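*Asks:* One structure, as structure tokens, below. Some questions next.
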Amino acid sequence: MHRALGHLFALALAYLALAVLHLSVKAVLTCRRHHRQSLALGCEKPHTVPARLPFGIGLIWDVLQADKAKRLPHYLIARFEAAWKDLGRPEGTVRVRSPPCEWRITTSDPKNIQAVLATQFKDFALGENRSGGFAPLLGVGIFTSDGDQWAHSRALLRPQFSRDQVADLSTEERHVQTLIKVIDNHPIDPDTGKTKPIDLLPLFFNLTLDTATEFLFGDSADSQLTLLPDGLKPNDLKPKHPVNIDFAVAFDKSQRIIAFCSRLGPLWWLGHIFCPSLKPLTRQVHEYVDYYVRLALDTPINNNPEDKPRNDTPFNDKLNDERYVFLRALALTTRDPIELRSQLLNVLLAGRDTTASLLGWLFLLLADPQYTTIRLKLRKTILQDFGTFENPRNLTFAELKSCTYLQWCLNEALRLFPVVPINARRAIVDTSLPRGGGPQGDKPIFIPKGTEVVYMVYVMHRRRDIWGEDANVFRPERWAGKRSGWEYLPFNGGPRICIGQQFALTEAGYVTVRLMQRYSEIEGGSSDAARHNLTLTDCPADGVVVRLKVAEEDESEKIVGG
């Protein structure tokens with residue numbers, strides 16, 4: 097017996113020794129192959145950020161601590177600036193050690209980002225960190241898939257964002273009117289005539305949830321109505337939605353957990369294990385969307401756009417009318433309920449959170465006392481181009497897009513506060529990036545298969561060597577005559593550029609116009625030390641607390657008259 101155990105133990109040791117030898121030989125051969133490839137491509141080593149703790153543990157710890165303090169973007173800039181100080185020059189690409197023990201490339205170099213997203217697009221993919229980490233909430237959709245699955249998703253969704261759909265602003269006006277009713281019902285300070293402090297950020301998220309759900313499902317969540325004194329209460333909405341009305345809360349909480357998991361890098365799956373609330377939260381989100389998917393699938397398909405909708409189906413009071421409804425159009429191309437749900441959630445994330453975050457950052461800047469001149473100039477431009485609140489004119493997609501100063505303000509807000517400030521890709525083949533190597537950082541760097549490349553849009557948008565010494569200042573005039581390239585990337589770039597960017601910009605522009613028409617004064621605090629609530633998108637962590645004053649129509653008419 098003891099002899100048999102001894103033989104088994106010896107055999108196990110032999111297998112272990114062979115495995116170690118095999119891995120060692122494989123590592124040496126791989127290292128040599130990489131060295132040869134690197135030399136052939138003319139690559140040199142990038143600057144390496146010293147590790148504070150072994151195995152990349154220090155990086156994860158610093159990221160989590162910065163995120164907890166709501167200052168992760170500030171930490172990223174500080175890390176790059178420390179590298180620039182060490183090198184005595186700006187450097188957009190560095191190498192860091194991340195868990196479990198792998199090298200990660202972080203870059204804010206427009207040339208390298210262009211390579212990852214466009215010129216060498218086929219060399220990179222989202223990778224398992226994204227697809228696996230986001231899957232519990234978003235499933236397999238345009239923001240979580242690669243290759244053929246991604247191409248299928250994009251082909252499915254792209255037609256739904258045609259100019260005709262984006263240009264329809266009638267629904268937007270109805271929901272904006274509700275937003276203004278909510279604001280106007282806020283208590284007024286009798287001494288100033290302004291509202292008492294009110295946080296616009298949750299109102300923006302409610303607004304964009306209502307517009308996005310109506311666009312996607314044909315039926316609004318009506319979350320804004322619960323904020324009116326004589327409006328609906330959450331319980332009143334439950335008969336309308338046979339699932340829990342706390343959908344928005346569950347959606348936001350799910351995102352926070354998914355974002356936390358993504359901070360763990362390759363260890364994202366640990367977050368799923370140690371966050372047991374993720375499963376019930378995502379179930380709640382899925383049940384809400386599944387309700388509308390079932391309605392869509394129960395409605396007979398009508399492939400003839402000339403035919404009028406039928407009124408004898410269970411869908412006649414939801415999606416079966418003459419309005420464009422995203423889900424109804426999508427259901428003509430696929431009848432898979434899981435795919436429909438996943439695509440809807442992917443688009444909802446972009447359609448709701450992106451626009452609300454942009455509006456939040458823009459109004460945080462406009463309410464900042466140091467930018468009062470910009471706000472007054474924008475308001476004057478809006479009144480002259482679009483009329484007053486009571487007598488609006490020319491409020492169309494084309495006119496919004498051609499309002500130069502409005503577009504400059506939107507661009508500048510997105511430059512300072514890109515809604516997706518950090519993103520990543522993983523190399524699926526041995527490849528290289530054009531810059532970052534050598535003493536001056538102007539040589540290519542080798543990127544082995546499996547290496548994660550994290551690109552820092554927030555850092556790139558604030559680089560003084562790109563944008564000037566006032567890179568941290570809100571100055572819309574910098575866009576005069578400027579044609580942006582890869583140094584400005586609020587909606588990604590290359591084949592995966594955001595297909596809904598015009599939808600987001602149109603909605604944000606429309607809401608801005610109506611609010612600036614309605615309120616002559618918007619007073620807030622400093623935006624310089626703004627903290628970040630960074631989940632899958634980035635919004636102000638401390639809200640957008642302002643005081644507003646309703647404009648006198650006569651005063652507005654005088655500005656219109658010029």
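When we follow my numbering, the leftmost residue of the sequence shown carries the number 97, and every step to the right adds one.
Just so you know, even glycine gets a beta-carbon here, dropped at the ideal spot from N, CA and C.
Every value quoted in this text rests on a predicted model; they were computed, and no experiment measured them.
1. Over the uninterrupted alpha helix (DSSP H) stretch that includes D182, give me the two end residues.
2. Is the separation between the beta-carbon of L305 and that of V640 shorter than 9 Å?
3. Assuming P362 and P232 form a contact by the criterion Cβ under 8 Å, report the distance between their Cβ atoms to the nearest whole angstrom.
4. Tell me the rounded alpha-carbon separation between G154 and A147.
5. Closer than 7 Å by C-beta to G657: which residues in its own chain qualify, once you throw out the five before and the five after it? Chain order, please.
6. Please list the terminal residues of the continuous alpha helix (DSSP H) segment that includes R254.
7. With distances taken from CA atoms, which of T395, L366, A344 is nearest I354?
8. By Cβ distance, which residues of its chain are closer than 6 Å to R571, with the 5 residues on each side in sequence left out?
9. In this structure, what does DSSP give as the bridge partners for A106?
10. Cα-Cα, which of T144, H130, L585, F356 is closest to E508?
11. If you reduce the DSSP assignment to three classes, tell me which class L491 lands in.
12. Using only the alpha-carbon positions, how far apart do D403 and D449 sit?
13. Please list the terminal residues of the continuous beta strand (DSSP E) segment that includes T527.
14. I need the DSSP call for K539, collapsed to helix, strand or coil.
15. State the beta-bridge partners of I294 as determined by DSSP.
16. Taking Cβ to Cβ, would you say W582 is nearer than 9 Å to I209?
17. Return the bridge partner residues of A523 from the DSSP annotation.
18. Based on DSSP bridge pairs, tell me the residues matched to T62.
19. On the CB-based measure, 16 or more other CB atoms within 10 Å of its CB, does W157 come out buried or exposed?
20. Apply the 10 Å Cβ neighbour rule to G577 and answer buried if 16 or more other Cβ atoms are within range, or exposed otherwise.
21. Taking the C-alpha atoms as reference points, what is the distance between A106 and L114?
22. Quick check on P636: buried or exposed, where buried means 16 or more other Cβ atoms within 10 Å of its Cβ?
23. Please report the Cβ distance between F482 and Q598, rounded to the nearest whole angstrom; I am assuming they are in contact, meaning their Cβ atoms lie under 8 Å.
24. Determine, using beta carbons only, whether V192 and T203 come nearer to each other than 9 Å.
25. What distance in whole Å lies between the Cβ atoms of L506 and L611, which are believed to be in contact at a cut-off of 8 Å?
26. For a test of the three-state rule: what should DSSP assign to L428, helix, strand or coil?
27. Mind reading off the beta-carbon distance from R531 to D219? Whole number of angstroms is fine, and I expect it under 8 Å.
28. Return the residue from the list R437, R579, V516, H628 that minimises the CA-CA distance to N588.
29. If distances are taken between C-alpha atoms only, which option among R359, E435, W180, S134 comes closest to R390?
30. Just to confirm my understanding: we take P514, look at its own chain, exclude 5 residues before and 5 after, and list those with CB closer than 8 Å. What are they?
31. Assuming contact is defined by CB atoms lying nearer than 9 Å, are Q466 and S616 in contact in what I supplied?
32. Compute the Euclidean distance between the alpha carbons of A494 and V609, then round it to the nearest angstrom.
33. Could you tell me which residues DSSP puts in a beta bridge with N629?
34. According to DSSP, what are the bridge partners of E615?
35. Among L502, S453, L460, F485, which has the Cα closest to the Cα of T477?
36. Rounded to whole angstroms, what's the CA-CA distance from L423 to L312? Just pull it up for me.
*Replies:* Walking through what the data contain:
1. Here residue 182 corresponds to residue number 86 of the sequence shown, with the count starting at 1. Segment 168-183, the alpha helix (DSSP H) holding D182.
2. Numbered from its first residue, the sequence shown carries residue 305 at position 209. Numbered from its first residue, the sequence shown carries residue 640 at position 544. No, they are not a contact pair.
3. Translated into the one-based positions of the sequence shown, residue 362 becomes position 266. Translated into the one-based positions of the sequence shown, residue 232 becomes position 136. Actually they are not in contact, since the Cβ atoms of P362 and P232 sit about 17 Å apart, beyond 8 Å.
4. Locating residue 154 in the sequence shown gives position 58, counting from the first residue. Locating residue 147 in the sequence shown gives position 51, counting from the first residue. Taking the straight line joining both Cα atoms gives about 7 Å.
5. Taking the first residue of the sequence shown as 1, we reach residue 657 at position 561. Cβ within range, chain order: n/a, list empty.
6. Stepping through the sequence shown from its first residue, residue 254 is reached at position 158. Note, R254: premise wrong, no alpha helix (DSSP H); not H, not E.
7. Residue mapping note: residue 354 aligns to position 258 of the sequence shown, counting from 1. Cα-wise, what sits closest to I354 is L366.
8. Within the sequence shown, the letter at position 475 stands for residue 571. Result list for R571: empty, nothing under 6 Å.
9. Reading the sequence shown from its first residue, position 10 is the one you call residue 106. In the DSSP output, where bridge partners are listed per residue, A106 has none listed.
10. Counting from one through the sequence shown, the residue named residue 508 turns up at place 412. Residue L585 is the option with its Cα nearest to E508.
11. Reading the sequence shown from its first residue, position 395 is the one you call residue 491. Here L491 sits in coil by DSSP.
12. Translated into positions along the sequence shown, residue 403 becomes position 307. Translated into positions along the sequence shown, residue 449 becomes position 353. Caution applies to D403, whose pLDDT of 42 falls short of 50 and renders its modelled position unreliable; the value that the coordinates give is listed next. Their Cα atoms are separated by approximately 35 Å.
13. Start at 1 with the first residue of the sequence shown, and residue 527 comes out as number 431. 527-533 is the span of the beta strand (DSSP E), which, as asked, contains T527.
14. As a working mapping, residue 539 is identified with position 443 in the sequence shown. Of the three classes helix, strand and coil, the one that applies to K539 here is strand, per DSSP.
15. The residue given as residue 294 occupies position 198 in the sequence shown. Its beta-bridge partners are V642.
16. Mapped onto the sequence shown, residue 582 falls at position 486. Mapped onto the sequence shown, residue 209 falls at position 113. A contact, by the Cβ cut-off of 9 Å.
17. As a working mapping, residue 523 is identified with position 427 in the sequence shown. Partner(s): F220.
18. Outside the displayed span of the chain (97 to 658) sits residue 62, for which this structure offers no information.
19. What you label residue 157 is simply residue 61 of the sequence shown in a count that begins at 1. W157 is exposed by the Cβ-count criterion.
20. One-based indexing of the sequence shown puts residue 577 at position 481. It counts as exposed.
21. The sequence position of residue 106 within the sequence shown is 10, counting from 1. The sequence position of residue 114 within the sequence shown is 18, counting from 1. Going by the C-alpha atoms only, they are around 12 Å apart.
22. Taking the sequence shown and counting its residues from 1, one reaches residue 636 at position 540. P636 comes out buried.
23. Residue numbering aside, residue 482 sits at position 386 when the sequence shown is read from its first letter. Residue numbering aside, residue 598 sits at position 502 when the sequence shown is read from its first letter. So it is not a contact: roughly 19 Å between Cβ atoms.
24. By one-based count along the sequence shown, residue 192 stands at place 96. By one-based count along the sequence shown, residue 203 stands at place 107. No.
25. Residue mapping note: residue 611 aligns to position 515 of the sequence shown, counting from 1. Residue mapping note: residue 506 aligns to position 410 of the sequence shown, counting from 1. Not a contact, Cβ separation roughly 14 Å.
26. Residue numbering aside, residue 428 sits at position 332 when the sequence shown is read from its first letter. Three-state result, L428: coil.
27. Residue mapping note: residue 531 aligns to position 435 of the sequence shown, counting from 1. Residue mapping note: residue 219 aligns to position 123 of the sequence shown, counting from 1. Actually they are not in contact, since the Cβ atoms of R531 and D219 sit about 16 Å apart, beyond 8 Å.
28. In the sequence shown, residue 588 corresponds to position 492, counting from 1. Checking every option, the nearest Cα to that of N588 belongs to V516.
29. As a first step, residue 390 must be located in the sequence shown, where it is residue number 294. Minimum Cα distance to R390 is reached at E435.
30. The sequence position of residue 514 within the sequence shown is 418, counting from 1. The residues are V553, Y554, H557, L585, P586, D634.
31. On the sequence shown, residue 466 is found 370 positions in, with the first residue counted as 1. On the sequence shown, residue 616 is found 520 positions in, with the first residue counted as 1. Their beta carbons are not under 9 Å apart, which means Q466 does not touch S616 by this criterion.
32. As a working mapping, residue 494 is identified with position 398 in the sequence shown. As a working mapping, residue 609 is identified with position 513 in the sequence shown. Distance between the alpha carbons of A494 and V609: 14 Å.
33. Here residue 629 refers to the residue found at position 533 when the sequence shown is read from its first residue. Its beta-bridge partners are C635.
34. By 1-based counting over the sequence shown, the position of residue 615 is 519. Rather than Glu, the amino acid found at residue 615 in this sequence is Tyr. Note: Y615 sits in a beta bridge opposite V646.
35. Residue 477 sits at position 381 when you count from the first residue of the sequence shown. Of the listed residues, the one whose Cα sits closest to T477 is L502.
36. Residue mapping note: residue 423 aligns to position 327 of the sequence shown, counting from 1. Residue mapping note: residue 312 aligns to position 216 of the sequence shown, counting from 1. Distance between the alpha carbons of L423 and L312: 6 Å.
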